[in-house]
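J.:
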Amino acid sequence: MNSYCPSLVEYKRRKTRVVNIGGVPVGGDNPIRVQSMTTVDTMDTEGSVEQCIRMIEAGCEYIRITAPSIKEAENLQNIKDALRLRGYNVPLIADIHFTPNAAEVAARIVEKVRVNPGNYADKKKFQVIEYDDASYQAELDRIRERFVPLVRICKEHGTAMRIGTNHGSLSDRILSRYGDTPLGMVESALEFIRICEDEGFFDIVISMKASNTQVMVQAYRLLVQKLDDEGLQPYPLHLGVTEAGEAEDGRIKSAVGIGTLLEDGLGDTVRVSLTEAPEAEAPVAQALIDRYTHRAEKAQPIKPLCKNPIDPFQYHRRETVEVENLGGLNVPRVVADLSRLTDIKYADLKAVGHLYSMLLDKFNMNDLGADYIYTGDNPISFMLPNGLKEIVNYTAWQQAEQRDDRHPLMHTEEYLSSAERHGKLNFILAAIGDISPELIEALKQDRTTVLMLHTQNEHAMPELRKCFIRLMNNGIQTPCIIKRSYGDLTPDQVQLYAATDVGGLLIDGLGDGVLLSTELLPEQEKQEELQTIDTLNKLSFGILQAARTRMSKTEYISCPSCGRTLFDLQETTAMIRKRTDHLKGVKIGIMGCIVNGPGEMADADYGYVGVGKDKIALYRGQTVVKKSVPADRAVDELIELIREDSRWIEPVQLEE
C-alpha cells in the first residue's frame, strides 16, 4: 500500500512538524492556514499596506510580497513597520525568484522567505544537458554554495522558509535528468531540503505547484512518500494550483487540485491563485478548508482497503468496456438532471447546451451540450436532438412508448430481479453497500450496463473511490457515472464541493461520466430550476476540463498578479477571453511578467507575457516568436499566430 497519506478511508490530517511563522504556527495540530499575495508594486509602501489590510480583513493569515531585487527587499521593512504601526501583526513572506542577494536581505526583515529551487541558483535556457555523476555533483556543490548563506541567515533570525517548486520553472539540470515530471519537481525541492537539514535548519514549508491539476496532485503525493522514504522531516505543505485563472474556472480548478489533497489529509496552508484582487482569494481558500473542520466526526466509517490498485503518482484511466458511447476510449460524459421538470419543452433544453431554433425548426448544440438527460418519471414527449440521449426510471421506462429510444435507470434489486432490459444500454444506481457478490457476478456477464455510483457519506470522495477499488479488485470493467447531490448549500459551496468530490476521482482515472443531481435541493419555480440545471451542467464540464479528462472549451492559464505584473491582468484576460473563448481545447497562458512567463505556462499552446511597459512577448509553447509587441496590437498578433497554425476558427453565432 502506498503511504502518501494517513488513510484512504477515514479523514486524518497528516502529522507534520510545527513551523513557527511570526507567532502564527503552521503544521502539527494547528488550523490549516490561509494566505495570499499582494499585487501592488512593492515600492509603493502605502498601496501595499492598504492592500495588506484588505487581505487581512478578508481572512489572510500570511501575506506574501514579491521582492525581485534588493530595493524591494529593503522596502519590506517600511511595509512591515507601517502595518505594525496600524496594529496589524500578520506575518509577511518575501517571494524570491532569481535573486539570492534579495532573499538574504529579506530574510533579516520578514517572517518567512519563499524560494523557487528552479531559479534560485539556476538560469533557465531550455537546454538539454548531458550529466555524468561527477558533473551533476559539481552542480549540486554550486547550488549548496549559493544557498547555504540564506539558510544560515534564516536560522540566525528565526525566519522560516518555503521551498516552493513550480512545474513550469524546473531548471534545465532537473529537466535533463528527470524530465518534465512530478518526480523532477520533487527532486528539485529535495536537493534544497537536504542542504537545509545538513545545516540543522528545519523551519521549512514545501509546495509543489502546477497549473495542471494531475501533475500538482501527483507531485505532492510523491513528495510525502519521498520524505518518508529518505527519513527526512515531515514538513508542512503549502497547497496551491498555480495560474488557476479567473472566476468560475479558477475556483473549479483550484478545488480539483487543492480539494483532492485535503480529502486525503494533506495540506497545512492554502493559497487559491485567482486572476482577481487578492482579497477575493482568501474566502475561497477558507471555504475549501472549512469543509474538513468536523469531517472526522460526521463521516460514516468506511471499511479499510486490503489492496489498492490505483497508482497515486501517475495518471492511468481505469480500464472499462465500451457500452454505447460510455467507457472504453470515450471521453467522460455529462448527464444533466431534469427529473424535477414535469412538462419539458424544446426551449428548456437550452439549459443543457442544446438550443432550439423555431425559425429553422432544428437544434444547435454548443460546446457544453450534455450527452444524456435524466428525466426520472417524466419521459420527454418529443424527439430529442441528435447526440442527446434520455435516461428514465425503470418503471417509467417499462410503461413508456418507444423504449428503444430511452434507457432505464434501475436500483440494484430491480436489475437483479428483472427480465426486461434495454438491448444496448442500462443504468444501475448503486451505493457501496449495493456492490455485492451477486451484483459483481451479474456485471461480469453483462456488457450493456453502466453503474451510477452515489453516496450520502460526509466522506464522499473516499467512499466512492472505495466503490471503484472494489470493482477493480474484482475484475469488473463496467463503466461508471459519478453521481453527487448536495443539499442546502450556497452555490459557491456546491461548486467547490463538486469539484473536489468528482475531480478527485477523475484525477485518479476513475469515472466515465458525471451527474450533478438536483434531488437534495429545495423545490423551485421552473425558471429557477432551469437556471440551476444550466449552472450544474456548466459545472460538470468545468470539472472535467479542470481534471484534464475532457477539454470542451478554451483554457486560460493566467497568473494571479503580483507586484511584478506589467499590465492589468484581469482586464487583459477578459479581453483575450472575449476574442478567443470559442477555440475549443486551445490553452492560452496570460502571464504578467517574465518570471511567470514561458516556464510557468508550461502546458499552454500559446503565451501572452509582459516584458516591459506596454510591451508583450508572444509564445508558441515555450518558444518566444514575437518580442516587444505593443500592447494595443498584441491580441491581434496572438490571433494571427493561432491562425498561422491553422487552429483559428471564426466564431459562430448559434441560432435561437
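Counting along the sequence shown from 1, when you hit position 611 you're at 611 in UniProt numbering, and nothing is skipped either side. Built from N, CA and C at the ideal position, the CB exists for glycine as well.
Excluding the 5 residues preceding and the 5 following LYS615 in the sequence, name in chain order all residues of the same chain whose CB lies nearer than 6 Å to its CB.
T.: Along the sequence shown, one-based indexing puts residue 615 at 615. Excluding residues within five positions, the ones whose Cβ falls inside 6 Å are SER628.
J.: Which residues does DSSP pair with THR269 in a beta bridge?
T.: Translated into the one-based positions of the sequence shown, residue 269 becomes position 269. Note: THR269 sits in a beta bridge opposite ARG33 and HIS238.
J.: Going along the chain, which residues of its own chain have a beta-carbon closer than 8 Å to the beta-carbon of LEU641, five neighbours each way excluded?
T.: Looking up residue 641 in the sequence shown gives position 641. Cβ within range, chain order: TYR606, LEU618, ARG620, VAL625 and LYS626.
J.: Classify LYS12: buried if its beta carbon has 16 or more other beta carbons within 10 angstroms, exposed otherwise.
T.: Within the sequence shown, the letter at position 12 stands for residue 12. With fewer than 16 Cβ atoms within 10 Å of its Cβ, LYS12 is classed as exposed.
J.: To which residues of the same chain is ASP636 closer than 8 Å at the C-beta, ignoring the five residues directly before and after it?
T.: The sequence position of residue 636 within the sequence shown is 636, counting from 1. So the list is empty, once near-sequence residues are dropped.
J.: Using the C-alpha atoms, what's the distance from ILE507 back to SER517?
T.: Reading the sequence shown from its first residue, position 517 is the one you call residue 517. Reading the sequence shown from its first residue, position 507 is the one you call residue 507. The alpha-carbon atoms of SER517 and ILE507 are separated by roughly 21 Å.
J.: What whole-angstrom Cβ distance do GLN35 and GLU72 have, given they're in contact under 8 Å?
T.: Locating residue 35 in the sequence shown gives position 35, counting from the first residue. Locating residue 72 in the sequence shown gives position 72, counting from the first residue. Contact flag wrong, Cβ pair sits at about 19 Å.
J.: For PHE382, count neighbouring Cβ atoms within 10 angstroms of its own Cβ and tell me buried if that reaches 16, exposed if not.
T.: Residue numbering aside, residue 382 sits at position 382 when the sequence shown is read from its first letter. Under this definition PHE382 is an exposed residue.
J.: Would you list, in sequence order, the uninterrupted beta strand (DSSP E) runs of no fewer than 3 residues that lie entirely inside the segment 113–184?
T.: 160–166
J.: Quick one: Cα of GLU656 to Cα of GLY179, how far?
T.: Here residue 656 corresponds to residue number 656 of the sequence shown, with the count starting at 1. Here residue 179 corresponds to residue number 179 of the sequence shown, with the count starting at 1. Confidence at GLU656 is low in this model, with a pLDDT of 47, below 50, so its placement is unreliable and the value that follows should be read with caution. Their backbone Cα atoms lie some 49 Å apart in a straight line.
J.: Do VAL151 and GLU199 have their beta-carbon atoms positioned less than 7 Å apart in this structure?
T.: Taking the first residue of the sequence shown as position 1, residue 199 is located at position 199. Taking the first residue of the sequence shown as position 1, residue 151 is located at position 151. In this structure, the beta-carbon distance from GLU199 to VAL151 falls below 7 Å.
J.: Enumerated in chain order, which unbroken segments of the alpha helix (DSSP H) with a length of 4 residues or greater are wholly contained in the segment 362–429?
T.: Listed in chain order, the complete alpha helix (DSSP H) runs (minimum 4 residues) inside the segment 362–429 are 394–399 and 412–417.
J.: So for ASP41, helix, strand or coil by DSSP?
T.: Walking along the sequence shown from the start, residue 41 turns up at place 41. Reduced to three states, the DSSP call for ASP41 is coil.
J.: What would DSSP say about TYR606, mapped onto helix, strand or coil?
T.: Position 606 of the sequence shown holds residue 606. TYR606 falls in the strand class under three-state DSSP.
J.: By alpha-carbon positions, which one of ASP371, ILE482 and ALA419 ends up nearest to VAL352?
T.: Indexing the sequence shown from 1 puts residue 352 at position 352. Just measuring C-alpha positions, the residue of ASP371, ILE482 and ALA419 sitting nearest VAL352 is ASP371.
J.: Output the boundary residues of the alpha helix (DSSP H) element that contains TYR497.
T.: Counting from one through the sequence shown, the residue named residue 497 turns up at place 497. Taken as a continuous stretch (DSSP letters only), the alpha helix (DSSP H) holding TYR497 covers 491–507.
J.: Only counting the same chain, and skipping five residues up and downstream in sequence, which positions put a Cβ closer than 7 Å to that of PRO651?
T.: Indexing the sequence shown from 1 puts residue 651 at position 651. Result list for PRO651: HIS582, in chain order.
J.: Pick helix, strand or coil for VAL334, following the three-state DSSP scheme.
T.: Within the sequence shown, the letter at position 334 stands for residue 334. Three-state result, VAL334: strand.
J.: Assuming GLN163 and ILE206 make a contact with CB atoms under 8 Å, what is their CB distance in whole Å?
T.: In the sequence shown, counting from the first residue as 1, residue 163 sits at position 163. In the sequence shown, counting from the first residue as 1, residue 206 sits at position 206. Here residue 163 is Ile; the residue named in the question, Gln, does not match the sequence. Contact holds; Cβ gap of about 5 Å.
J.: DSSP state of TYR292, grouped into three classes?
T.: One-based indexing of the sequence shown puts residue 292 at position 292. Note: TYR292 maps to coil in three-state DSSP.
J.: List, from N- to C-terminal side, the alpha helix (DSSP H) runs of 4 residues or more that fit wholly inside the segment 456–496.
T.: You should have 460–473.
J.: Less than 6 Å separating the Cβ of ASP492 from some heavy atom of the ligand COA?
T.: Among the components of this structure there are no ligands whatsoever, and the ligand COA is therefore not found.
J.: Check whether the Cβ atoms of LEU288 and LEU496 lie closer than 7 Å to each other.
T.: As a working mapping, residue 288 is identified with position 288 in the sequence shown. As a working mapping, residue 496 is identified with position 496 in the sequence shown. Against a cut-off of 7 Å, the Cβ pair of LEU496 and LEU288 comes out as a contact.
J.: Assign ILE588 to one of two classes, buried (16 or more other C-beta atoms within 10 Å of its C-beta) or exposed (fewer than that).
T.: As a working mapping, residue 588 is identified with position 588 in the sequence shown. By the 10 Å Cβ count, ILE588 comes out buried.
J.: Identify every residue that forms a DSSP beta bridge with SER558.
T.: Residue numbering aside, residue 558 sits at position 558 when the sequence shown is read from its first letter. Within the DSSP secondary-structure output, SER558 pairs in a beta bridge with ILE590.
J.: Using a 10 Å radius around the Cβ and a threshold of 16 neighbouring Cβ atoms, would you call ALA134 buried or exposed?
T.: Stepping through the sequence shown from its first residue, residue 134 is reached at position 134. The Cβ neighbour count for ALA134, taken over all protein chains shown within 10 Å, is under 16; the residue is labelled exposed.
J.: Alpha carbon to alpha carbon, what distance is there between ASP311 and ARG114?
T.: Taking the sequence shown and counting its residues from 1, the one referred to as residue 114 is at position 114. Taking the sequence shown and counting its residues from 1, the one referred to as residue 311 is at position 311. Taken atom to atom, the span from the alpha-carbon of ARG114 to that of ASP311 is near 31 Å.
J.: Decide if the segment 391–407 is in contact with the segment 431–443; the criterion is three or more beta carbon pairs, one per stretch, under 8 Å apart.
T.: When Cβ pairs closer than 8 Å are counted between the two stretches, the segment 391–407 is seen not to touch the segment 431–443, the count staying below three.
J.: If you draw a straight line from the C-alpha of ASN537 to the C-alpha of LEU349, how long is it?
T.: Within the sequence shown, numbered from 1, the residue matching residue 537 stands at position 537. Within the sequence shown, numbered from 1, the residue matching residue 349 stands at position 349. C-alpha separation (whole angstroms): 11 Å.
J.: Just to confirm, is the Cβ distance from ARG307 to ASN473 under 7 Å?
T.: Here residue 307 refers to the residue found at position 307 when the sequence shown is read from its first residue. Here residue 473 refers to the residue found at position 473 when the sequence shown is read from its first residue. The question names Arg, but residue 307 is Lys in the sequence shown. Result yes, Cβ atoms of LYS307 and ASN473 sit closer than 7 Å.
J.: Per DSSP, what kind of secondary structure is LEU544 in: helix, strand or coil?
T.: In the sequence shown, counting from the first residue as 1, residue 544 sits at position 544. In this structure, LEU544 counts as helix in the three-state DSSP scheme.
J.: Under three-state DSSP, which class holds THR532?
T.: On the sequence shown, residue 532 is found 532 positions in, with the first residue counted as 1. Three-state DSSP puts THR532 in a helix.
J.: Take every Cβ of the segment 418–438, pair it with every Cβ of the segment 272–285, and state whether three or more of those distances are shorter than 8 Å.
T.: no
J.: Tell me, to the nearest whole angstrom, how far the beta carbon of VAL323 is from that of THR448; I am working on the premise that it is less than 8 Å.
T.: Mapped onto the sequence shown, residue 323 falls at position 323. Mapped onto the sequence shown, residue 448 falls at position 448. Rounded, the Cβ-Cβ distance is 6 Å, consistent with contact.
J.: Determine, using beta carbons only, whether MET410 and ILE391 come nearer to each other than 7 Å.
T.: Translated into positions along the sequence shown, residue 410 becomes position 410. Translated into positions along the sequence shown, residue 391 becomes position 391. Against a cut-off of 7 Å, the Cβ pair of ILE391 and MET410 comes out as no contact.
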